[in-house]
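Contents: one structure, followed by commentary.
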Amino acid sequence: MTNTVTWARVKSPWVLHFNSGACNGCDIEIVALLTPKYDVERFGVKLEPSPRHADVLLVTGCVTQQCAERLKRVYDQMPQPKFVVAIGACACSGGVFQGNYNVVGGVDKVIPVTAYIPGCPPRPEAILDGVVKLLNALNPPKPKKLSKQEKQAEALKTEQAKQAVAAPEVVVASQVVKSVIEEVKPIVKQ
Amino acid sequence: MSNNNIDIVKVIQSKLGDKVQIQLGQLGTAAINVSNGLHREVLKAMLEADEKTGLTAISGVDLGTTLGVLYHVHTSNAFVTIRAEVPKDNPKIQTIVDLIPGAAFHEYEVSDLLGVIFVGNELKGHLVLSENWPEGIYPLRKDVKATEVKLSPAPEEEKAPDIGKLVKIIIGPQHPALLEPEKFAVTVDGEIVTKVEPRIGYVHRGIEKASESRTYVQDVYLVERICGICNACHAYGFVAAVEKILKTQVPERAKYLRVVTLELNRLHSHLLTLGHAGLEIGYETLFQYFWRDREPIMDLIELTSGNRVYASLMTIGGVRRDIKDVDVPKIKTTLEDLRKKIPFYRQVYENEPSIKARMRNVGRLSREDAIKLCVVGPVARGSGYDIDVRKDDPYEAYGEIPFNKIVYKEGDTWARMNVRMDEVEESINIIQYALDHMPKGPFRIDVPRNVIAGESISRNEAPRGELFYYVKSNGTANPERVKVRTPTFANIPSFLQTAIGENIADVPPNFVSLDPCFSCTDR
């Protein structure tokens, strides 16, 4: 079941675009991604108007004071699991606007960020590359195909490892528990 | 127009005589120093003499013990700056909203950022600063260290209030129709809009203040990032203002190269908007078509400047890069390919029933209102108000290049989009002409890093309308004050007026016909 969900998520990520105080440079490049030259919809990437339906939040801009609270609210509305991609130098660190009075600087100061795409603005290809890298990270790497002999050797190894590790682990665990109890006792008495 | 040969300075001199001090050739045609209160008299005299008198911008400057309030006023053939001063401890000045209704937002901005109180048009709350910005602290004053300002906790979540029979619809800050975060509270009675209240400032990054702490060279790249769409125009506006202070003469070749850069900028911006309008009326095919044809222009920008979006071509004293002779045929063929596609689009705009239904007679703005509200660019030209800085006050090589001023009389959304469509063709002509008549020689000269004390203005026609820069220098490597008046800031009042009485569904096409750019508006 998890595999199916991951498969569906990787094959059709719905993205939401939020401008947190950007100059439009990155935003126009995101829109350019949807148009015939780049056409990300062929990869199943769809721009979604509502945060409640989105998997990936694409944030541009240096996060102004006025936007910070709204950005957090938009992020909170998205269903789990959710991913945030910071697009452009401003979203990554505040960029050229770092230190200005109305600028928080960097998306990661407000919400957790999964992927950073630097550039001022990043080319559409770079944005696409960033989103693909994020999606690949969701997909667990497929196990290598092994021959019969290799499989047997592998199985033997894991078996041996289990036996070797299992016994001492228990001892360690119990020792830890004992020592903890001894430590706690005097405190409890007091 | 018939009154093209009025000498507005003489008119002011004859009406007000010794009461004002006139400095010819400063900050436009003339700078007029007035004592408190007389700025209204000067404006009245100008309005009586010339029907095309309008406000371009109000700059507020911290002068130490006083605050300078500079009214930049344009007439049909001149550009006048009225300079008033108010004391810092009692910064009150009479409003001019009753004379020029379009001045309201300009006054609000000076109130918000510099703390000047315009009696009769006081600002309640904030215009561009965030809601939790403390009262009584004005970031553009020199004694305010803006980074040390402590903000109060974030405000409560806004809710649409119950206002009886009427319903308040809040559009934004995150909304599918808006690429940028801004909020519009639209009050509707049934389907009819009765009131539009904007809340701008979501993209306010404090660029005007930040430019004071950076050098002139750094500022070129900073002001370029005010807007990612019309970036070349911003860089040019700043560079031109600084060059005026330095009295630098740019090489002839640089002037032509600048025209090519500015027109490529206009081409991609207009194609973007024409497509975006399609998206807003649910005609997505048109959107995809226009954006498909925009990509070759982006490739040309990359070819001439090295970057798709930020050309970074303008520099103080010329341009940074030359156009190679081997690239010229490629630029020309790409533009010819685009020219061949225009008749198709024109026919779509002319005959397509969905465009007619959604754009004809939507957001009608009369010529009188356009002048009163001081709108600029395609919005003004779509209403028969023929202003175009390229023609009225030619800069760089525009005086030597033949082209037409596009004016439509209808004043609706359809007319505004058609102005842009025709300007695409004019831009192609301008670039072709500039490439054919490009003079040989250097394209850049060296200029000193420290700029002598002085002040200047520059105007240029950005894709969205007149872009205005005011730069004040103090002899160091950093500017004293940089003021930017962007075209969308001037055009928003027209939307607030035209939306009233129309259907709620007509708000998006009407709005997009301004080609709104909020990163410009808020700075």
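Keeping their order, the protein sequence lines are chains A and B. Anchor point for the first sequence: position 137 equals 137 in my numbering, and the numbering is continuous, going up by one each time. Anchor point for the second sequence: position 222 equals 222 in my numbering, and the numbering is continuous, going up by one each time. The beta-carbon is built from N, C-alpha and C at its ideal position, and this holds for glycine as well. Just so you know, these numbers come straight off a predicted model, no measurement behind them.
field: Nonlocal neighbours in the same chain, by C-beta distance under 8 Å from residue 370 of chain B, ignoring five residues either side
entry: Cβ neighbours of residue 370 of chain B beyond the five flanking positions: 379, 380, 383, 384, 385, 411, 494.
- prompt: Is the CB of residue 62 of chain B under 7 Å away from at least one CB in chain A?
  reply: False, the Cβ-Cβ gap to chain A never drops below 7 Å.
task: Can you tell me which of the three DSSP states residue 218 of chain B falls into?
output: helix
- prompt: In angstroms, rounded to a whole number, what distance separates the CA positions of residue 302 of chain B and residue 99 of chain B?
  reply: 46 Å
task: Please go through the region 13 to 93 of chain B and give each complete beta strand (DSSP E) segment of 3 or more residues, from N-terminal end onward.
output: 21 to 24, 30 to 33, 54 to 62, 66 to 74, 79 to 87
message: By DSSP's criteria, residue 444 of chain B is part of a beta bridge. Which residues make up the other side?
response: B/318
field: Given residue 415 of chain B as reference, the closest of B/278, B/55, B/392, B/362 once Cα atoms are compared
entry: B/362
- prompt: Rounded to a whole number of angstroms, what is the C-alpha to C-alpha distance between residue 214 of chain B and residue 349 of chain B?
  reply: 46 Å
task: Kindly provide the ranges of any alpha helix (DSSP H) runs that are 4 or more residues long and lie completely inside the region 283 to 346 of chain B, ordered along the chain.
output: 284 to 305
task: Look at the Cβ atom of residue 88 of chain B, then the Cβ atom of residue 67 of chain B, and state whether they are nearer than 7 Å.
output: yes
- prompt: What does residue 139 of chain B reach in chain A if we use C-beta pairs closer than 9 Å?
  reply: The answer, in chain order, is 101, 102.
- request: Indicate whether at least one CB of chain B lies closer than 7 Å to the CB of residue 70 of chain A.
  value: yes
- request: Please classify residue 177 of chain A: is it buried, with 16 or more other beta-carbons within 10 angstroms of its beta-carbon, or exposed?
  value: Note on residue 177 of chain A: pLDDT 47, under 50, position unreliable in the model; the coordinate value appears next. Exposed, since its Cβ has fewer than 16 Cβ neighbours within 10 Å.
- request: With DSSP collapsed to three states, give me the class of residue 114 of chain A.
  value: coil
Cross-chain neighbours of residue 221 of chain B in chain A, by beta carbon under 9 Å: Within chain A, the C-beta atoms nearer than 9 Å to that of residue 221 of chain B come from 96, in chain order.
field: Cβ of residue 83 of chain A within 7 Å of any chain B Cβ
entry: It does not; no Cβ of chain B falls within 7 Å.
field: Cβ-Cβ separation, residue 121 of chain A to residue 88 of chain A (assumed contact under 8 Å), whole Å
entry: 5 Å
task: Report back the beta-carbon spacing between residue 117 of chain B and residue 92 of chain B to the nearest angstrom; my notes put them in contact at under 8 Å.
output: 5 Å
query: Are the CB atoms of residue 242 of chain B and residue 221 of chain B nearer to each other than 7 Å?
result: no
Residue 200 of chain A (DSSP reduced to helix, strand or coil): Nothing about residue 200 of chain A can be read from this structure; chain A reaches only from 1 to 190.
message: By the three-class DSSP mapping on this structure, what secondary structure does residue 274 of chain B have?
response: helix
field: Residues, ordered as in the chain, of the region 194 to 206 of chain B that lie near chain A by beta-carbon distance below 8 Å
entry: 201, 202, 203, 204, 205, 206
Contact with chain B by residue 66 of chain A, beta-carbon distance below 7 Å: yes
Which listed residue (B/484, B/451, B/191) has its alpha carbon closest to that of residue 166 of chain B: B/191
query: If you scan the region 89 to 120 of chain B from start to end, which runs of the alpha helix (DSSP H) of 4 or more residues do you find wholly inside it?
result: 104 to 114
query: Would DSSP call residue 453 of chain B helix, strand or coil?
result: coil
query: Name the DSSP beta bridge partners of residue 185 of chain B, please?
result: B/170, B/197
field: Cβ-based neighbour list, residue 447 of chain B, same chain, cut-off 7 Å, excluding 5 preceding and 5 following
entry: 246, 248, 316, 317
- prompt: Residue range of the alpha helix (DSSP H) that residue 483 of chain B falls in?
  reply: Premise fails: residue 483 of chain B lies in the beta strand (DSSP E), 479 to 485, not in any alpha helix (DSSP H).
- request: Give the DSSP-derived three-state secondary structure of residue 137 of chain B in the structure shown.
  value: coil
- prompt: Between B/212, B/202, B/223, B/325, which lies nearest to residue 257 of chain B when the distance is taken from Cα to Cα?
  reply: B/325
- request: Note down, in chain order, each residue of its chain lying with its Cβ closer than 8 Å to the Cβ of residue 112 of chain A, except the 5 sequence neighbours on either side.
  value: Only residues of its own chain outside the window of five on either side were considered, and among them 84 have a CB closer than 8 Å to the CB of residue 112 of chain A, listed in chain order.
- request: Grab the span of the alpha helix (DSSP H) containing residue 385 of chain B for me, first residue to last.
  value: No alpha helix (DSSP H) holds residue 385 of chain B; DSSP gives it neither H nor E.
For residue 365 of chain B and residue 151 of chain B, the rounded distance between their alpha carbons: 41 Å
task: Output, in chain order, the set of chain B residues within a Cβ distance shorter than 8 Å of residue 192 of chain A.
output: This structure does not reach residue 192 of chain A, given that chain A is present from 1 up to 190, and the question cannot be answered.
field: Proximity winner among B/514, B/456, B/434, relative to residue 253 of chain B (alpha-carbon distances)
entry: B/434
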